[in-house]
Amino acid sequence: MKQFKIDNTDKRIISQIQDKLNNKTKPIGSLGKLENIVSRVCLIQQTLSPELNNPDILVFAADHGITQENVSKYPSEVTHQMVLNFLQEGAAINVFCRQHDIALKVIDAGINADVYNTPKLIHQKIGKGTRNFAKEPAMTVDECNLAIEMGSTITKQILQKGCNIVGFGEMGIGNTSSAAVLMHKFTNLPLNECVGKGTGLNTEQMQHKLQVLQKAVNHYPDIKDPLETLATFGGFEIAQMCGAMLQAAENKMCLLIDGFIATAALLSACQFYPAILDYCLFCHQSEEHGHKAMLDYLKAEPILNLDLRLGEGTGCALAYPIIQSSVNFMNEMASFQSAGVSTEKTDN
Ligand SMILES: Cc1cc2ncn([C@H]3O[C@H](COP(=O)(O)O)[C@@H](O)[C@H]3O)c2cc1C
Ligand SMILES: O=C(O)c1cccnc1
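So for the sequence shown, this note's numbering puts the first residue at 371; every next one is plus one.
Next comes the structure, spelled out in structure tokens:
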């Protein structure tokens, strides 16, 4: 597998960060989680005056062979159709990116269609959808390695354009199935705590999804190696996202983590380089069953909890203005000294 150099953030400036926060004209701690958010950004950037430059969201799209087992409410074709919708700027993620001035890149990591004449699409197709992991591994280890490598390339491109904060989204019918199994394998939580309704299965359909995935897991009793696990149960978009995340952490960018599937990609990345977690801001807690447990496992505190269950990177775009507010107050708010505001009571 491609090697990355990911160090934990250097915590020595924590007391300086805390002093600066405490000297702002507000009761100590009163900006709550905004203080935690900006502290993390300061640690990532190793500065007391952080900057958010050229924010970008990368949406990785791919199809999944496991959809042959009837595990999603929607047909596979929707992946391709939604990608065209992204390119025409009509999807939820387009609206929120436009609102907050966030650039958006859409990547064909493995859609099951020939997508031509789409200059705005980034072509990084590994194959026309993965294989059905109920029957055979979704990817070969070579394909998985290639996906990680290709994911890292796209991060390098946005880095060159001055981006230091990047969100990760996905589109791939069937990918909550992959994400659920990856969660189960990497956290050891029971499969039924990892499987959810995805695009909106009813109870009976979800029971079927659980049975399909349990059988699939049982099909590969000996898999322990993380790369083999990702190759067997993952998706081209999940593996590319994993590579893109690893590259972003190596380059000390702020990583915006979206919902259930993006967090599963991060969970995979963590198996290789646990220090990646220092670079993450967890944007929201998805309504997808399993996401809360996944966040708890990672000891992650989500910024928003809006009952979203969409993906596409929508949680990242929605949390961005809050992260911006955190950085802005650190840079622009007066201190007690500069504003001449007292910090102590006088006796009279
Ligand atoms: C129209 C539409 C737009 C979407 N945008 C994101 N997803 C989300 O739903 C899919 C995962 O759910 P499952 O595993 O149940 O298929 C992914 O494509 C995800 O990004 C969408 C799904 C649909 C139908
Ligand atoms: O949380 C997510 O990312 C999610 C949940 C359901 C369907 N698609 C995505």
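Glycine included, each C-beta is placed from N, C-alpha and C at the ideal position. For clarity, every value in this text was computed on a predicted model and none was experimentally measured.
Check	Outcome
Pairwise C-alpha distance: G402 and F538	25 Å
beta-carbon S442 near ligand 1 non-hydrogen atom, thresh 7 Å	yes
Proximity of S548 and G497 at Cβ, strictly below 8 Å	no
Endpoints, beta strand (DSSP E) assigned at H661	Premise fails: H661 lies in the alpha helix (DSSP H), 661-667, not in any beta strand (DSSP E).
Rounded distance between the beta-carbons of G681 and D717, thought under 8 Å	Contact doesn't hold; Cβ gap of about 59 Å is too wide.
Option in E506, A461, L688 with minimal Cα separation from L676	L688
T569 beta carbon near ligand 2 (any heavy atom closer than 7 Å)	yes
Segment limits, alpha helix (DSSP H) that includes G402	402-415
G435 vs T500 beta-carbon contact at 8 Å	yes
Own chain, CB closer than 6 Å to N534, minus 5 neighbours either side, in chain order	N423, M623
Own chain residues within Cβ distance below 8 Å of G532, not counting five before or after	N423, N424
Per-residue DSSP class, three states only, for E607	helix
Closest residue to A614 among V485, S638, E714 (Cα-Cα distance)	S638
Spatial neighbours of S696 in its chain, beta-carbon cut-off 6 Å, leaving aside the 5 residues before and after	L404, I407, V408
Separation of T379 from N393, as counted between CA atoms	24 Å
With 16 other Cβ atoms within 10 Å as the buried cut-off, status of V551	buried
N378: CB within 7 Å of a non-hydrogen atom of ligand 1	no
The segment 630-646 contacting the segment 593-609, beta-carbon criterion three pairs below 8 Å	yes
Continuous alpha helix (DSSP H) stretch holding I692: start and end	684-702
Top-ranked residue by Cα proximity to L668, from T684, E657, A635	A635
Under the three-state DSSP convention, the category C353 falls into	As shown, the chain starts at 371 and ends at 718. That puts residue 353 outside it, with no answer to give.
In chain order, each beta strand (DSSP E) run of at least 3 residues that lies wholly inside the segment 466-542	473-480, 491-493, 535-541
L561 beta carbon near ligand 2 (any heavy atom closer than 7 Å)	no
Buried or exposed by the 16-neighbour rule on C-beta atoms within 10 Å, applied to Q655	buried
Inside the segment 561-604 only - alpha helix (DSSP H) runs reaching at least 4 residues	573-589, 596-603
Within 8 Å, strictly: CB atoms of L647 and I673	no
At least 3 beta-carbon pairs within less than 8 Å: the segment 449-464 vs the segment 555-564	no
The segment 518-529 / the segment 433-450 touching (three or more Cβ pairs under 8 Å)	no
Bridge partners - C624, DSSP secondary structure assignment	I535
Closest by C-alpha distance to V711, when choosing among I383, S385, K396	K396
Nearest residue (CA-CA) to Q577, options K375, Y590, E563	E563
Whole-angstrom C-beta distance between T525 and A618, which should lie under 8 Å	5 Å
Bridge partners - I383, DSSP secondary structure assignment	In DSSP, I383 forms no bridge with anything.
Straight-line gap, I693 to P591 (C-alpha atoms, nearest Å)	43 Å
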